[in-house]
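A.B. asks: Residues 549 to 774 in our numbering are what the sequence shown spells out, letter by letter.
No residue lacks a Cβ here, since even glycine has one placed at the ideal position from N, Cα and C.
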Amino acid sequence: MYESVLRSFIIFALDAGKGRFRIDSLRLRYSVAGAILLDLLRNNEITVSEKRVIPSLRRNGDPVHDTVAEMIENQSRHRKVSFWISRLSWKSRFFLNETLKRMSSAGIIRHERKLFLGFFPYNRWYISDIRIQTEIYNSLRRVLLSDEKPSKEVEMLISVIRASESAKLIARNREEKRIVVSAIKNRTHHDSYEGGRESPVYIIQKAVISAISASSAASTAAATSG
Numbered sequence: 549m550y551e552s553v554l555r556s557f558i559i560f561a562l563d564a565g566k567g568r569f570r571i572d573s574l575r576l577r578y579s580v581a582g583a584i585l586l587d588l589l590r591n592n593e594i595t596v597s598e599k600r601v602i603p604s605l606r607r608n609g610d611p612v613h614d615t616v617a618e619m620i621e622n623q624s625r626h627r628k629v630s631f632w633i634s635r636l637s638w639k640s641r642f643f644l645n646e647t648l649k650r651m652s653s654a655g656i657i658r659h660e661r662k663l664f665l666g667f668f669p670y671n672r673w674y675i676s677d678i679r680i681q682t683e684i685y686n687s688l689r690r691v692l693l694s695d696e697k698p699s700k701e702v703e704m705l706i707s708v709i710r711a712s713e714s715a716k717l718i719a720r721n722r723e724e725k726r727i728v729v730s731a732i733k734n735r736t737h738h739d740s741y742e743g744g745r746e747s748p749v750y751i752i753q754k755a756v757i758s759a760i761s762a763s764s765a766a767s768t769a770a771a772t773s774g
C-alpha cells in the first residue's frame with residue numbers, strides 16, 4: 549500500500565511505460581469514488597450503518613479530502629453509500645487530477661504535458677520509481693496466489709480492483725490471469741468479509757459494481773437507440 553487506497557489504486561492502474569491509465573474512464577470514475585469512501589472508512593472518518601454513510605469528518609488541508617468532507621456535511625441527512633458513489637463520481641476528474649498533482653509534487657509520479665498533432669494538449673503521468681508499483685503488485689500477488697493474509701488496506705485495494713474489473717492487470721500471463729480473476733472473486737465474495745453482506749467494505753464494493761453496471765447499460769442503450 550502507498551499511503552492511501554486511492555493513491556495505491558492510481559499507481560496500480562497506471563501504465564508505467566505509457567503514462568496513462570489501463571482502465572477505461574467509466575470504471576475509473578466510479579472506482580475513484582469507491583476508493584475515496586474506503587479511505588474515509590480506513591481513517592475512521594465514516595461508518596456505514598444500514599447502507600448509509602455516517603460521518604465523523606476532520607479537515608486536514610488536502611483538497612480532495614476537504615471537498616468530500618464538505619459535500620458530505622452539507623447534506624441534511626445521512627445518505628446511502630450508492631448515493632455517494634454516484635455523487636462523488638461527478639467530481640472524479642477533479643479528485644483524480646488533484647491527487648495526481650500532489651503525487652507529482654511529492655516526486656512519486658512525473659507529469660508530462662504533450663501535444664497531439666502539435667496543437668491538442670494531453671497529460672501523461674509516469675511512475676518515478678517503478679519499484680513502488682512492483683511492490684504493490686507483489687503484495688497483491690502474495691495474497692491472491694500464495695494465500696497470504698491481507699492487511700486491511702490491501703483488502704480494500706483488492707475490493708476496488710474487483711469492482712473495476714481490473715484483476716487481469718496483476719497476471720503475468722494468460723494462465724495466471726484465470727487464476728488471479730478467480731482468486732479475487734473468492735476474496736471479495738461477501739462471505740470473505742467480516743460482517744458478510746453488512747461489511748462496509750463489501751457494501752462500498754457492491755455499490756461501485758452496481759454503478760458501473762448501470763452506467764454501462766445506459767450507455768449501451770443510448771448507443772443502440774441512436
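1. Give the DSSP-derived three-state secondary structure of residue 568 in the structure shown.
2. If you draw a straight line from the C-alpha of residue 757 to the C-alpha of residue 711, how long is it?
3. May I ask which residues mark the beginning and end of the beta strand (DSSP E) holding residue 668?
4. What are the boundary residues of the beta strand (DSSP E) that residue 602 is part of?
5. What three-state label does DSSP hand residue 665 in the structure shown?
6. By the 10 Å Cβ neighbour count, where 16 or more other Cβ atoms means buried, how is residue 748 classified, buried or exposed?
7. By the DSSP assignment, the beta strand (DSSP E) with residue 595 in it spans what residues?
8. Following the continuous alpha helix (DSSP H) through residue 587, name the residue where it begins and the one where it ends.
9. To the nearest angstrom, how far is it from the Cα of residue 645 to the Cα of residue 744?
10. Rounded C-beta distance between residue 559 and residue 753? I'm assuming under 8 Å.
11. Taking its Cβ as the centre, do 16 or more other Cβ atoms sit within 10 Å of residue 668, making it buried, or is it exposed?
12. Could you say which of 731, 718 and 582 lies nearest to residue 686 if we only look at CA atoms?
C.D. replies: Answer, in terms of the structure:
1. coil
2. 5 Å
3. It spans 668-675 - the beta strand (DSSP E) in which residue 668 sits, taken as one unbroken run.
4. 600-603
5. coil
6. buried
7. 594-597
8. DSSP places residue 587 inside the alpha helix (DSSP H), whose first and last residues are 573-590.
9. 34 Å
10. Rounded, the Cβ-Cβ distance is 20 Å, inconsistent with contact.
11. Classification of residue 668: exposed, given that the 10 Å Cβ count is below 16.
12. 718
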